[in-house]
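Structure first, then comments.
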Amino acid sequence: MRVLAAMSGGVDSAVAAARAVEAGHDVVGVHLALSRAGGTLRAGSRGCCTIEDAMDARRAADKLGIPFYVWDFSERFRDDVIEDFVSEYRAGRTPNPCMRCNEKIKFAALLERALELGFDAVCTGHYATLVETPGGRELHRASDAAKDQSYVLGVLTAAQLAHTYFPLGSTPSKAVVRAEAEERGLSVAQKPDSHDICFIPDGDTRGWLADRVGAEQGEILDRSGAVVGRHEGAHAFTVGQRRGLQLGVPAPDGKPRFVLEVRPVNNTVVVGPKEALACAEISGDRFTWAGRAPEATEFGCHVQIRAHADPVPAIAVLEDGVLTVRPDEPFDGVAPGQTAVLYDGTRVIGQFTIARTVSAVPAEV
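In numbering that gives the first Met the number 0, the protein residues as written are 0 to 364.
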């Protein structure tokens, strides 16, 4: 195949590109420039997509003997990831920018350009497995459960999966990847993994959002509607948050209270007991299927609501364009804006953005 290897500058994408070369494919490396302004993306090893990462990616491509290019995707990244992140917080939701980057940049904008240029597939260092079946290509979990990234790839559609390539999916552990990088003489062999939001340079998400959303004082309410405190901006709170609430009125039972809801329309935050975070139902209308769509409108599955959360058995129902999931046991602390990924065993069925949640605990508790 003609393969376009997306090289982030990390060890995973470097080894993925190396394996593509070793498999006999015609490989070209590309690094995505996601900002035109210096200092607006993280520096050093804490983030990703930095100038240092571009240089690391180039050195890896040189070592592998493959052509290498840097493509400017800064406008698409600003519009589809950064602006989406801000608008979601402004609406009181909790977005996942890495999920949106995979959906809009790496497997939409990048894949679209790759196909236009005659490439057969985009190769990345994600830990996930592709399985060929009579019904089409399926997306499955990686062999290494600790590194599995099928959750953040749940946004991929059947058309996109047909042109993806994940050489690391069957790798038993990250240690194997690092050892392979050492053997190949790749300078990124021991480079730390990235964890932070790349477009927030100093890691201060609350301050970064305040500059863009605006910090306006508002009330913190309990579930009865009584005022128990004040805040400096609703955008700074997420469902399930316990610390930093600065409540002026203690709970009657003396127990800690947690953020249950963020209401941007009236700039209020609702808090309550930990038990009230239990969620009996989630739903949304922004959904996609990773491969073939379910044949039935009601089906059993497992649902994962965070990248590292345990999957929960549930029943999913598709009705009137809305996908609703009812777990066997309540979810804990689900926020609108999060992504729910549905699984059948190791296979990814699809995903949806959570728009509505239903508490498992009555409001009077």
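Glycine is no exception: its CB is placed at the ideal position from the N, C-alpha and C atoms.
| said: I need the DSSP call for residue 42, collapsed to helix, strand or coil. | reply: Unreliable positioning characterises residue 42 in this predicted model, as indicated by a pLDDT of 48, which lies under 50. The coordinate reading is nonetheless provided below. Correct three-state label for residue 42: coil.
| Between residue 248 and residue 56, what straight-line distance do the alpha-carbon atoms span, to the nearest angstrom? | Residue 248 and residue 56: Cα-Cα distance of roughly 53 angstroms.
| Cβ pair residue 104, residue 75 closer than 8 angstroms | yes
| query | Would you call the CB atoms of residue 5 and residue 33 closer than 8 angstroms? | reply | no
| request: Determine the DSSP secondary structure at residue 334, reduced to helix, strand or coil. | output: coil
| said: Threshold first: 3 residues or longer. Then list the beta strand (DSSP E) segments lying entirely within the stretch 214-278, N to C. | reply: 217-220, 226-230, 257-262 and 267-271
| message | Restricting to Cα atoms, I'd like to know which of 17, 8 and 266 is closest to residue 183. | response | 17
| query | Where do the N-terminal and C-terminal ends of the beta strand (DSSP E) with residue 311 fall, by residue? | reply | 311-318
| Does DSSP classify residue 25 as helix, strand or coil? | Correct three-state label for residue 25: strand.
| said: Taking only three categories from DSSP, how would you classify residue 147? | reply: coil
| message | Please report the straight-line C-alpha distance between residue 258 and residue 115, rounded to a whole angstrom. | response | 47 angstroms
| field | Whole runs of the alpha helix (DSSP H) within the stretch 33-103, excluding any shorter than 4 residues | value | If we require 4 residues or more, the alpha helix (DSSP H) runs fully inside the stretch 33-103 come out as 50-63, 73-76, 82-89 and 96-100.
| request: Locate the alpha helix (DSSP H) running through residue 160, then write down its first and last residues. | output: 157-160
| Alpha carbon of residue 217 to alpha carbon of residue 355, nearest angstrom | 23 angstroms
| query | Between the C-alpha atoms of residue 69 and residue 59, what's the straight-line distance to the nearest angstrom? | reply | Straight through space, the alpha carbons of residue 59 and residue 69 are spaced by roughly 13 angstroms.
| said: Below 8 angstroms on the Cβ atoms is my contact criterion, and I expect residue 163 with residue 129 to pass it. Report the Cβ-Cβ distance as a whole number of Å. | reply: 7 angstroms
| query | Is the distance from the Cβ of residue 279 to the Cβ of residue 325 below 8 angstroms? | reply | yes
| Is it right to say residue 94 is buried, meaning 16 or more other beta carbons lie within 10 angstroms of its own, or is it exposed? | buried
| task | Please report how far the alpha carbon of residue 226 lies from the alpha carbon of residue 86, in whole angstroms. | result | 27 angstroms
| query | Around the Cβ of residue 52, are there at least 16 other Cβ atoms within 10 angstroms (buried) or fewer (exposed)? | reply | buried
| query | Does DSSP put residue 353 in a helix, a strand or coil? | reply | coil
| query | In angstroms, rounded to a whole number, what distance separates the CA positions of residue 268 and residue 246? | reply | 11 angstroms
| request: Assess, as a yes-or-no matter, whether the stretch 279-293 is touched by the stretch 231-247 under the definition of 3 or more beta carbon pairs within less than 8 angstroms. | output: no
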